[in-house]
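*Asks:* Mind having a look at this structure? Questions to follow.
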Amino acid sequence: MTRLILVDATPLGPGPSGARRRLEALLPRIARRLPDDVLEVHWARDGGGPTAPEDAPPNVVHATVEASCRGGGRRWWRRRRDLVARHRVAAYTHLLVDHGPVVVLPGVATLVTLHDLRFLHGYGGWARSLYGRHAYGRALRQAGQVISVSASVGDEAIRTWGLDPSRVLTAPNAVDRTVFHPGTDGGSRVGALVVSRDEPRKARGAAVAAAREAGVGLTVVDGDLDDARLVDRYRGALWLLAPSLLEGYDLPVAEALACGTPVIASDIPAHRDLVRSGAEGLVLVPPPVQGGGAWRWPEAVRCLRGDRPAQVAGPGTTWDESAETIVSRLRGSPAPGAAPRAS
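Now the structure itself:
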């Protein structure tokens with residue numbers, strides 16, 4: 019029996035992000051494991067749309083809907099209305115890539131993906147913080163399944179909202195090892211590299227300050243580089259600096275390690291998850307601090323002046339394993355029979 023699986027990509031903007039890379043990596047893998055189902059991916063009108071490869075599975079259909087990726091509450095209400103209306107036409111399973119809305123309808127199993135919980139830590143603006151603290155937990159409890167991108171994100175959600183641990187699965191982010199691998203190291207590595215957007219939780223200024231104090235050249239990447247050029251940046255650096263104060267899963271760290279580049283990273287739960295997943299060459303140091311408008315990251319400076327790790331390797335998780343985790347839930351998810359409502 020063919021099922022319709024709606025994939026909500028409307029929160030995704032046109033720029034690069036970990037959420038977009040996750041969707042693009044998992045979507046074809048999920049579709050190939052569910053050949054009898056149809057995956058319909060909804061994009062915001064200003065979201066940039068898919069960058070699907072030519073060999074995309076035939077059971078994936080992309081559609082642009084009348085919503086803005088920057089719509090905030092307006093996007094939420096529009097999507098709620100559209101999903102309820104769609105239920106009158108066809109039953110579906112709703113596979114979310116972000117945090118809502120969760121519409122509870124007869125015959126609909128909604129899977130919510132937790133990328134990070136930044137709004138619990140003062141990031142993301144006051145409106146998102148209020149929604150997260152007062153309504154998000156109810157939405158997660160109503161979902162058919164919660165899927166976290168790392169163990170630490172799932173554990174925090176369980177502690178914060180009292181979720182049933184059996185309904186919180188971890189399907190970690192990963193790297194494509196056919197793209198991100200060491201290649202031939204000709205000894206031409208120089209300087210340090212930071213790959214991140216310029217936003218408060220990323221603390222990118224700490225990487226700049228540490229490299230300057232250590233007397234090491236620094237390359238900053240925050241634009242939309244294709245994978246080939248990004249790999250060249252990783253392979254050309256002596257170190258990647260990852261000073262983030264909060265992450266769900268730090269993809270540049272995993273990508274750099276896979277390319278044979280060691281990483282100096284802040285000692286936060288997401289980075290500790292990578293070590294537990296088998297990452298080598300990941301040096302954890304106390305997070306940077308800011309005072310008087312200036313960043314300081316003294317332990318990173320010390321590491322930059324020291325020796326590089328002898329062994330460097332990415333974490334052992336793969337996109338195929340994460341896809342299989344999600345598909346196993348889709349195959350076995352019972353459809354809730356609650357009366358129509360939304361959260």
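My numbering numbers the first residue of the sequence shown as 19 and each following residue consecutively.
A virtual CB, placed ideally from N, CA and C, is assigned to each residue, including glycine.
Would you say ALA74 and PRO46 are within 7 Å of each other, going by their C-beta atoms?
*Replies:* Their beta carbons are under 7 Å apart, which means ALA74 touches PRO46 by this criterion.
*Asks:* Are the segment 255-271 and the segment 211-219 touching, with three or more C-beta to C-beta distances below 8 Å?
*Replies:* With a cut-off of 8 Å, the segment 211-219 and the segment 255-271 count as touching, because enough Cβ pairs lie within range.
*Asks:* When the Cβ atoms of the segment 310-325 are set against those of the segment 222-230, are three or more pairs found closer than 8 Å?
*Replies:* Touching, per the Cβ criterion.
*Asks:* Would THR28 be called buried (16 or more neighbouring beta carbons within 10 Å of its own) or exposed?
*Replies:* Buried, since its Cβ has 16 or more Cβ neighbours within 10 Å.
*Asks:* Let me check one thing: in DSSP terms, what residues is HIS60 bridge-paired to?
*Replies:* For HIS60, which the question treats as bridged, DSSP gives the partners ASP26, ALA81.
*Asks:* Would the C-beta of LEU24 count as close to the ligand SAM, meaning under 6 Å from any of its heavy atoms?
*Replies:* What this structure holds is no ligand at all, so the ligand SAM is not there to describe.
*Asks:* Thinking C-beta only, is GLY299 closer than 7 Å to VAL319?
*Replies:* In this structure, GLY299 does not lie closer than 7 Å to VAL319 by Cβ.
*Asks:* Measure the alpha-carbon distance for ARG40 versus ASP116 and round it to whole angstroms.
*Replies:* Using only the alpha carbons, I get a separation of about 11 Å.
*Asks:* What is the DSSP secondary structure of ILE282, counted as helix, strand or coil?
*Replies:* Looking at ILE282 - three-state DSSP - the assignment turns out to be strand.
*Asks:* Can you tell me which of LEU187, PRO200, GLU265, GLY235 puts its alpha carbon nearest to the alpha carbon of ARG215?
*Replies:* Measuring from the Cα of ARG215, the nearest candidate turns out to be GLU265.
*Asks:* From the DSSP output, read off the bridge partner residues of HIS112.
*Replies:* LEU24, THR128.
*Asks:* Do you know how far the Cα of PRO124 is from the Cα of ARG359?
*Replies:* Any reading at ARG359 must be qualified, since the residue scores a pLDDT of 31, below 50, and its modelled position is unreliable; no value is offered.
*Asks:* Measuring alpha carbon to alpha carbon, tell me which of HIS80, ARG253, PRO280 ends up nearest GLY324.
*Replies:* The residue with the shortest Cα to Cα distance from GLY324 is PRO280.
*Asks:* Take every Cβ of the segment 131-149, pair it with every Cβ of the segment 158-178, and state whether three or more of those distances are shorter than 8 Å.
*Replies:* They touch, by the three-pair rule.
*Asks:* In its own chain, which residues sit with a C-beta less than 8 Å from the C-beta of THR343, not counting the 5 before and 5 after it?
*Replies:* ILE165, LEU187, THR188, ALA189, listed in sequence order.
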